[in-house]
Amino acid sequence: MADQQYSADQIQVLEGLTAVRKRPGMYIGTTDIAGLHHLVWEIVDNAIDEAMAGYCKHIDVDIHADGSVSVADDGRGIPVDKHKATGKSALETVLTVLHAGGKFGGGGYKVSGGLHGVGSSVVNALSSLLIAEVRRDGKLYRQEYKQGNPQGDVKEVGKSTANGTTITFLPDPEIFPDRNFIFETIVNRARQQAYLTKGVTIRIQDHRDGKRTMFYFEGGIKSYVQHLNRDREKIGDVIYMEKEAPEGLIEISLQYTGAFQETCFSFANNIHTPEGGMHLTGFRSALTRVLNNYARKSEFLKEKDQNFSAEDVREGLTAVISVKLADPQFEGQTKSKLGNAEMRTCVEAVFGEALEQFLAENPADARGIAAKCALAQRARLAARAARDTVIRKGALEGMTLPGKLADCSCRDPHSSELYIVEGDSAGGSAKQGRNREFQAILPLRGKILNVEQARLDRMIGSEQIKNLVIALGAGIGETFDLSKLRYHRIMIMTDADVDGAHIRTLLLTLFYRYLRPIIDAGYLFIAQPPLYKVQAGKSVQYAYTDAERDRLIADLGDKKASIQRYKGLGEMNAEQLWETTMDPVSRTMLRVSVDDAERADYVFETLMGSEVASRKKFIQTHAKRVRNLDI
Ligand code: TSJ
Numbered sequence: 010m011a012d013q014q015y016s017a018d019q020i021q022v023l024e025g026l027t028a029v030r031k032r033p034g035m036y037i038g039t040t041d042i043a044g045l046h047h048l049v050w051e052i053v054d055n056a057i058d059e060a061m062a063g064y065c066k067h068i069d070v071d072i073h074a075d076g077s078v079s080v081a082d083d084g085r086g087i088p089v090d091k092h093k094a095t096g097k098s099a100l101e102t103v104l105t106v107l108h109a110g111g112k113f114g115g116g117g118y119k120v121s122g123g124l125h126g127v128g129s130s131v132v133n134a135l136s137s138l139l140i141a142e143v144r145r146d147g148k149l150y151r152q153e154y155k156q157g158n159p160q161g162d163v164k165e166v167g168k169s170t171a172n173g174t175t176i177t178f179l180p181d182p183e184i185f186p187d188r189n190f191i192f193e194t195i196v197n198r199a200r201q202q203a204y205l206t207k208g209v210t211i212r213i214q215d216h217r218d219g220k221r222t223m224f225y226f227e228g229g230i231k232s233y234v235q236h237l238n239r240d241r242e243k244i245g246d247v248i249y250m251e252k253e254a255p256e257g258l259i260e261i262s263l264q265y266t267g268a269f270q271e272t273c274f275s276f277a278n279n280i281h282t283p284e285g286g287m288h289l290t291g292f293r294s295a296l297t298r299v300l301n302n303y304a305r306k307s308e309f310l311k312e313k314d315q316n317f318s319a320e321d322v323r324e325g326l327t328a329v330i331s332v333k334l335a336d337p338q339f340e341g342q343t344k345s346k347l348g349n350a351e352m353r354t355c356v357e358a359v360f361g362e363a364l365e366q367f368l369a370e371n372p373a374d375a376r377g378i379a380a381k382c383a384l385a386q387r388a389r390l391a392a393r394a395a396r397d398t399v400i401r402k403g404a405l406e407g408m409t410l411p412g413k414l415a416d417c418s419c420r421d422p423h424s425s426e427l428y429i430v431e432g433d434s435a436g437g438s439a440k441q442g443r444n445r446e447f448q449a450i451l452p453l454r455g456k457i458l459n460v461e462q463a464r465l466d467r468m469i470g471s472e473q474i475k476n477l478v479i480a481l482g483a484g485i486g487e488t489f490d491l492s493k494l495r496y497h498r499i500m501i502m503t504d505a506d507v508d509g510a511h512i513r514t515l516l517l518t519l520f521y522r523y524l525r526p527i528i529d530a531g532y533l534f535i536a537q538p539p540l541y542k543v544q545a546g547k548s549v550q551y552a553y554t555d556a557e558r559d560r561l562i563a564d565l566g567d568k569k570a571s572i573q574r575y576k577g578l579g580e581m582n583a584e585q586l587w588e589t590t591m592d593p594v595s596r597t598m599l600r601v602s603v604d605d606a607e608r609a610d611y612v613f614e615t616l617m618g619s620e621v622a623s624r625k626k627f628i629q630t631h632a633k634r635v636r637n638l639d640i
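Following the numbering used here, the residues of the sequence shown are numbered contiguously, the last one being 640.
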């Protein structure tokens, strides 16, 4: 330096970067592995900004064997000419002045400097070595830094026909005890950024072991929604809109599916906003408003019907909401909620209009979506009605257990069992045969369940189901509380015939839809009564399959055997039922497991249809999803 004097600017710079090294946590959260990766995000975000501005198509991330990382883009190249007033180049300003990124080269939307954006100068300060290379105006420029301090001016070191910026940094061992970059972590973040920045190609190479991958999504967030729904049953096409409004850029992609849950990701300036915020609020209110309008006009909702609630229109929805604004305000506990109020009204108006247009232009998709919402609404209202009756009944009668229930004397749910038994006569045998200490019996009148159509919303209002829910003691639907459950083994015991199978599937549907935590906890079982009684003289044996029956007959040799096929539980007396089906020492049970919730959704949807064939298919499928349990 010519005059050997520090200008006010330079003193500020030195103090700034010293502060970063003194308290790195203040800037990057932690200095563990998460903080280490923050360095990469910060640098990559700057290249993404150049892509968002429309000047960069490729970003390369290289993890080198020496522990350094380089990020290269094919953008315009950071300007390297010295600014008259400060005597510094844009490059040096960006790399040495805290939070310089936002101020420099204003205009446009930026990822960097956002939520966790701390500025590239922080990366520089926390690197034992950083090399900046700029390709611009046919030349290659280079500047080196150590712990944030320039090791000389920017120098022209060669020629270059291409334009771009490359930053290579080596995290400082004095700051980061663990400097082991994780390929997958970088890949996941790169994938997300590639979805959010359509047309950009991001390549990641790990030179430690040769792993490499790249992302390019022509459709941006439209591709994102397609990816999220790849294994789901789709309802209509992907709906996509993009609009540049005075408040910012709005990009939304959505598609309905047959699933029950909602998958919704929102972003502001490519920063994930898991707490949502104004953009998400605007999206949700437009979605509810427009779908209700459509459903009214097209008579999916009749005059007497309630409007779809926000929950009804969320069921099965997959959506990505991405907005870009000049001055994003991040709020909330984790600073991941967009606070800009103008985004709510803007998204609500712009998306509402686009959705309306889509529904008008795609009538078949529109009908599919409205039907899905109507189904969700029906299920919600049915669950609420059932819950209300259960609560009301409980309040009126002081939570009296149903008279049909023969309860056990044990009060510890862990050792208590509930047998749900088809038919009053089988119920009678079960009551006589049980161990009343820990086995409770609830008979269901098979006929009523059987005659009724397989409409769950109707079934759930039935007296029998209310009795079951009260007996279980843990509520239903949204308010279900597993800790209140009175039995930790719940056995469905139905006849080995078609009606029995039908009742069993209805019960399984009920448990799946409204008492799901019971299945998840592994508390639901299917009892296995025998199919045959094989008797020779005084010897009585039971067979649970045809093969077992044949083996028993063969074992008896010349002895004449009488074979009885049980058509229903009612044909067994109390002692037989205990011996074959209820005695923990000898019984076999199948535990109902829903390990693949998405597939189960589909199976139950099929079951809900009135078509007998599809129900039969379910019953067969179901046999494969239960596993033997030996007690
Ligand atoms: F900030 C950084 F050093 F970390 C960094 C910046 C790292 C990487 C990998 C890329 C970049 C970067 C910056 N890529 N492209 C740019 N572009 C500019 O800074 C730039 C270039 C030209 C003009 C102009 O007005 O001519 C304006 C800007 C902001």
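Think of the CB as a built atom: it goes at the ideal place given N, C-alpha and C, for glycine as much as any other residue.
Three-way DSSP call (helix, strand, coil) for residue i in this model
i, result
"Arg596", "coil"
"Asp146", "coil"
"Arg387", "helix"
"Tyr64", "coil"
"Phe178", "strand"
"Ile87", "coil"
"Ile57", "helix"
"Ala622", "Any reading at Ala622 needs caution, since the residue's pLDDT is 43, under 50, leaving its predicted position unreliable; the model's value is listed next. It is helical."
"His511", "helix"
"Thr266", "strand"
"Ala74", "coil"
"Ala28", "helix"
"Ile485", "coil"
"Ile230", "helix"
"His281", "strand"
"Leu138", "strand"
"Gly117", "coil"
According to DSSP, residues forming a beta bridge with residue i
i, result
"Asn158", "Lys155"
"Tyr541", "Ala552 and Arg574"
"Leu347", "Gly286 and Phe339"
"Gly167", "Leu149"
"Lys252", "Ile259"
"Leu273", "A small correction: the amino acid at residue 273 is Cys; Leu does not occupy that position in the sequence shown. Partner(s): Ala328."
"Leu427", "Ala449 and Ile499"
"Tyr225", "Thr210"
"Phe534", "Met500 and Arg600"
"Val215", "It should be pointed out that residue 215 corresponds to Asp in this sequence rather than to Val. Looking at the DSSP assignment, Asp215 forms a beta bridge with Ile72."
"Ile244", "Tyr265"
"Val49", "According to DSSP, which records beta bridges pairwise, Val49 is partnered with nothing at all."
"Lys333", "Leu258"
Buried versus exposed, by CB contacts within 10 Å (16 or more), residue i
i, result
"Glu461", "Per-residue confidence for Glu461 stands at a pLDDT of 36, beneath the threshold of 50, marking its modelled position as unreliable; no derived number is given."
"Gly291", "buried"
"His511", "buried"
"Pro539", "buried"
"Thr488", "exposed"
"His288", "buried"
"His108", "exposed"
"Asp321", "buried"
"Asp374", "buried"
"Thr590", "buried"
"Asp504", "buried"
"Arg396", "buried"
"Val4", "Because the chain in this structure spans residues 10 to 640, residue 4 falls outside the shown range and cannot be described."
"Asp58", "buried"
"Asn197", "exposed"
"Gln264", "buried"
"Ile191", "exposed"
"Asp215", "buried"
"Glu357", "buried"
Contact under 8 Å by Cβ, residue i with residue j
i, j, result
"Met502", "Glu431", "yes"
"Asp82", "Ala62", "no"
"Gly38", "His47", "yes"
"Ala380", "Phe274", "no"
"Val89", "Val143", "yes"
"Val209", "Ile87", "no"
"Ala392", "Gly484", "no"
"Ile244", "Gly377", "yes"
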